[in-house]
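Q:
Protein chains: 2
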Amino acid sequence: MEDGFKVVSIIGVGLIGGSLALALKQRNLTNKIIGYGRNEERLKEALKLGIIDSYTTEIREASQAELIVLATPTSVFERIINEMLQFLKNGTIIIDVGSVKESIVNTFERILPKGILFVGTHPIAGSDKTGFENAKGDLFKNARVIITPTENTDKTALEKVSKLWQQIGAQVEFMTAEFHDKIYALVSHLPHLISFCMVNTVADINKNFIKYAGTGFKDSTRIAKSSAEVWRDIFIMNDKNIFQCLEVFTENLERIKKILSQKDLEGVNQFIEKANKLRQEID
Amino acid sequence: MEDGFKVVSIIGVGLIGGSLALALKQRNLTNKIIGYGRNEERLKEALKLGIIDSYTTEIREASQAELIVLATPTSVFERIINEMLQFLKNGTIIIDVGSVKESIVNTFERILPKGILFVGTHPIAGSDKTGFENAKGDLFKNARVIITPTENTDKTALEKVSKLWQQIGAQVEFMTAEFHDKIYALVSHLPHLISFCMVNTVADINKNFIKYAGTGFKDSTRIAKSSAEVWRDIFIMNDKNIFQCLEVFTENLERIKKILSQKDLEGVNQFIEKANKLRQEID
Numbered sequence: 038m039e040d041g042f043k044v045v046s047i048i049g050v051g052l053i054g055g056s057l058a059l060a061l062k063q064r065n066l067t068n069k070i071i072g073y074g075r076n077e078e079r080l081k082e083a084l085k086l087g088i089i090d091s092y093t094t095e096i097r098e099a100s101q102a103e104l105i106v107l108a109t110p111t112s113v114f115e116r117i118i119n120e121m122l123q124f125l126k127n128g129t130i131i132i133d134v135g136s137v138k139e140s141i142v143n144t145f146e147r148i149l150p151k152g153i154l155f156v157g158t159h160p161i162a163g164s165d166k167t168g169f170e171n172a173k174g175d176l177f178k179n180a181r182v183i184i185t186p187t188e189n190t191d192k193t194a195l196e197k198v199s200k201l202w203q204q205i206g207a208q209v210e211f212m213t214a215e216f217h218d219k220i221y222a223l224v225s226h227l228p229h230l231i232s233f234c235m236v237n238t239v240a241d242i243n244k245n246f247i248k249y250a251g252t253g254f255k256d257s258t259r260i261a262k263s264s265a266e267v268w269r270d271i272f273i274m275n276d277k278n279i280f281q282c283l284e285v286f287t288e289n290l291e292r293i294k295k296i297l298s299q300k301d302l303e304g305v306n307q308f309i310e311k312a313n314k315l316r317q318e319i320d
Numbered sequence: 038m039e040d041g042f043k044v045v046s047i048i049g050v051g052l053i054g055g056s057l058a059l060a061l062k063q064r065n066l067t068n069k070i071i072g073y074g075r076n077e078e079r080l081k082e083a084l085k086l087g088i089i090d091s092y093t094t095e096i097r098e099a100s101q102a103e104l105i106v107l108a109t110p111t112s113v114f115e116r117i118i119n120e121m122l123q124f125l126k127n128g129t130i131i132i133d134v135g136s137v138k139e140s141i142v143n144t145f146e147r148i149l150p151k152g153i154l155f156v157g158t159h160p161i162a163g164s165d166k167t168g169f170e171n172a173k174g175d176l177f178k179n180a181r182v183i184i185t186p187t188e189n190t191d192k193t194a195l196e197k198v199s200k201l202w203q204q205i206g207a208q209v210e211f212m213t214a215e216f217h218d219k220i221y222a223l224v225s226h227l228p229h230l231i232s233f234c235m236v237n238t239v240a241d242i243n244k245n246f247i248k249y250a251g252t253g254f255k256d257s258t259r260i261a262k263s264s265a266e267v268w269r270d271i272f273i274m275n276d277k278n279i280f281q282c283l284e285v286f287t288e289n290l291e292r293i294k295k296i297l298s299q300k301d302l303e304g305v306n307q308f309i310e311k312a313n314k315l316r317q318e319i320d
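Protein sequence lines correspond, in order, to chains Y and S. Residue numbers for the first sequence, in our numbering: 38 to 320. Residue numbers for the second sequence, in our numbering: 38 to 320.
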């Protein structure tokens, strides 16, 4: 091992935490991965599958690594860091992999003492699948990873963290946490919110109708299977940006409703073609 | 050929019309497939690919088949049938493959003279892909096909049409056109409408953000690539049912917005888990 970190603690060994553990081991970027979690049985299982090298439910032990990765639902971050504070060694690097950045980055900068080096990161590699059973060592290959440094971010830590993500195949991009949250409110958080609403609309009208769903419904609501724990936190932590997007979405609903009420064929056509055009750009 | 129809006219040789043509030929359920359309170049191409056996842009010629399949955008059906009327032979069976049924079935029953036998059908096998280039002979294998007979539907024609769909692998199910339109407003038309609105929301806020979209966004908006021509007609012909679904959808948006505003973690959790549970039923 030339690069990397001797010991890495993964706090929350799920899909993302587990995949990162596998990727680091496969690229020989660490000597030891410690898995930390609340459920010892699950950790034992992850150890048995070779995803982690050891496990602990003791926060003291998890705090001894050179790199600590927070990969639990985001609402737990603050509590965990507060519990870790007394055990952290000077020079320890902490990253998170949460889908919301501004409130997390702000919280960490407020709480963490000088000498503990935090870098906010967001790998765009989620899935409706959860748990380390679905973890893959190549999950981050060609995936975008957004890193959100601030003026307080330690330059050396930032470089080490960026390099680590790149070494496991990710395309690293830097932006402010604020800008990140605006982008992902629109292209990720809102679509999830809408997808949950779509499925609940079926539940409210007649849940038996769902058996008639074709591939269109299935694809467009696949993300409605996503973890409640994870998305609950994202929605609450990025609510203001999501509400702004929701306003424009609601305007679009009103617009198409009006056009349809007027039986305006050409108007409907233009509305759909506008969507066709932009959506085709990302194929 | 024991079963089937000697000559079949496909009016509109696109994804569905073309796939049906291929399926009928592969199962030896017809001696000849005539493709009818407005664009001769396209018909020549379909002939060259072996999807149809001959083509015509003459409505008279297309009207001579034993089975006529309407597979154009639904708004064109009425005009085409009116043009065909003077040429149709007694005993001719006409089916459509439109995604809306009530208004179509009503129109056909009003227009068609006794002796011309109409059966409304809807194969649940659409795609965002369009055109006969994407046609597949097994598109209807294990696909659901809804057939919507009325008290006026000819029993023999109904039997022949049902058998035809079954012979190419479809799961046939009967229901009223009215009930069909309620179900598909919810599980197909509304999701398409929402998907167009979602992509247009990105267009309105900042279309450059779309490059940050991950698989969640891509899957949930795949149907936003669907044909404007086809979906324009579906929305307008089934607007009342779609509006009813949209009302419940909007209530759900308001509900989650309220829960989020109250930072009600448990409420958000329940909202998401409700969606998780129903969506998991169709995997």
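All residues carry an ideal CB built from backbone N, CA and C; glycine is no exception.
For the alpha helix (DSSP H) that V236 (chain Y) lies in, which residues bound it at each end?
A: L227 to N243
Q: Inspect the beta-carbon positions of I48 (chain Y) and I117 (chain Y) and report whether they are closer than 8 angstroms.
A: yes
Q: When the cut-off is 8 angstroms and only beta carbons count, does S257 (chain Y) lie next to chain S?
A: Judged by the 8 angstroms Cβ criterion, S257 (chain Y) is in contact with chain S.
Q: Looking only at its own chain, which residues have a Cβ that is under 6 angstroms from the Cβ of I105 (chain Y), when we skip the five neighbours before and after it?
A: If we look at I105 (chain Y) and ignore the five residues flanking it on each side, its Cβ neighbours are S46 and I131.
Q: Any contact of the region 79-89 of chain Y with the region 142-155 of chain Y, i.e. 3+ C-beta pairs under 8 angstroms?
A: With a cut-off of 8 angstroms, the region 142-155 of chain Y and the region 79-89 of chain Y do not count as touching, because too few Cβ pairs lie within range.
Q: If I measure Cβ to Cβ from I70 (chain Y) and keep anything under 7 angstroms in the same chain, skipping five residues before and after, which residues do I get?
A: V45, I47, A58, L61, K62, I89 and D90
Q: In chain Y, which residues lie with their C-beta within 8 angstroms of the C-beta of P228 (chain S)?
A: M235, G253, F254, S257 and T258
Q: Since F233 (chain S) and A250 (chain S) are thought to touch, with beta carbons under 8 angstroms apart, how far apart are those beta carbons, to the nearest angstrom?
A: In fact, because the Cβ distance is near 16 angstroms, the residues do not count as touching under 8 angstroms.
Q: Give me the Cα-Cα distance between N275 (chain Y) and T111 (chain Y), rounded to the nearest whole angstrom.
A: 11 angstroms
Q: Sorry if obvious, but does the Cβ on M274 (chain S) come closer than 7 angstroms to a heavy atom of the ligand NAD?
A: With respect to small molecules bound, the structure shown includes none, and the ligand NAD cannot be examined in it.
Q: In chain order, what residues of the same chain have a beta carbon less than 7 angstroms from the beta carbon of P160 (chain S), not counting five sequence neighbours either side?
A: Answer for P160 (chain S): I53, V134, F177, A180, V182 and A207, listed in chain order.
Q: Compare the Cα-Cα distances from V50 (chain Y) to each of Y:K43, Y:N68 and Y:T93 and report the closest residue.
A: When only C-alpha atoms are compared, the closest one is Y:T93.
Q: Taking the alpha helix (DSSP H) that Q204 (chain S) falls in, what are its first and last residues?
A: K192 to Q204
Q: My output table needs one value for Q101 (chain S): the three-state DSSP class, helix, strand or coil.
A: coil
Q: Terminal residues of the continuous alpha helix (DSSP H) containing D270 (chain S)?
A: A265 to M274
Q: Less than 6 angstroms between C-beta atoms, sequence neighbours within five positions excluded: which residues of the same chain meet that for L149 (chain Y)?
A: F155
Q: Please state the DSSP three-state secondary structure of N171 (chain S).
A: helix
Q: Determine the contact status of K300 (chain S) and I271 (chain Y), defining contact as a CB-CB distance below 8 angstroms.
A: no
Q: Relative to the alpha-carbon of S263 (chain S), which residue among S:E288, S:N289 and S:H229 has its alpha-carbon at the smallest distance?
A: S:H229
Q: Counting pairs of beta carbons, one from the region 163-178 of chain S and one from the region 188-206 of chain S, are three or more of them closer than 8 angstroms?
A: yes
Q: Considering only their Cβ atoms, is the gap separating T258 (chain S) from R316 (chain Y) smaller than 8 angstroms?
A: yes
Q: Cβ of K43 (chain Y) less than 8 angstroms from any chain S Cβ?
A: no
Q: If I measure Cβ to Cβ from W202 (chain S) and keep anything under 6 angstroms in the same chain, skipping five residues before and after, which residues do I get?
A: V182 and V209
Q: Among the residues of its own chain, which have a CB less than 8 angstroms from the CB of A99 (chain Y), if the five just before and after it don't count?
A: S46, I48, I71, Y73, T93, I105 and M121
Q: What residues match up with S91 (chain Y) in a beta bridge as DSSP calls it?
A: Bridge partners of S91 (chain Y): Y:I71.
Q: For a contact meaning CB atoms closer than 7 angstroms, what does N306 (chain Y) contact in chain S?
A: A265 and R269
Q: Would you kindly check if the distance between the Cβ of K200 (chain S) and the Cβ of A240 (chain Y) is under 8 angstroms?
A: no
Q: What three-state label does DSSP hand T158 (chain Y) in the structure shown?
A: strand
Q: As a quick exercise: from S:F216, S:N243, S:I279 and S:L195, pick the residue whose alpha carbon is nearest that of C282 (chain Y).
A: S:N243
Q: Please determine, among S:V137, S:F114 and S:T129, the residue with the shortest C-alpha to C-alpha distance to V224 (chain S).
A: S:V137
Q: Tell me the rounded alpha-carbon separation between E318 (chain Y) and N237 (chain S).
A: 13 angstroms
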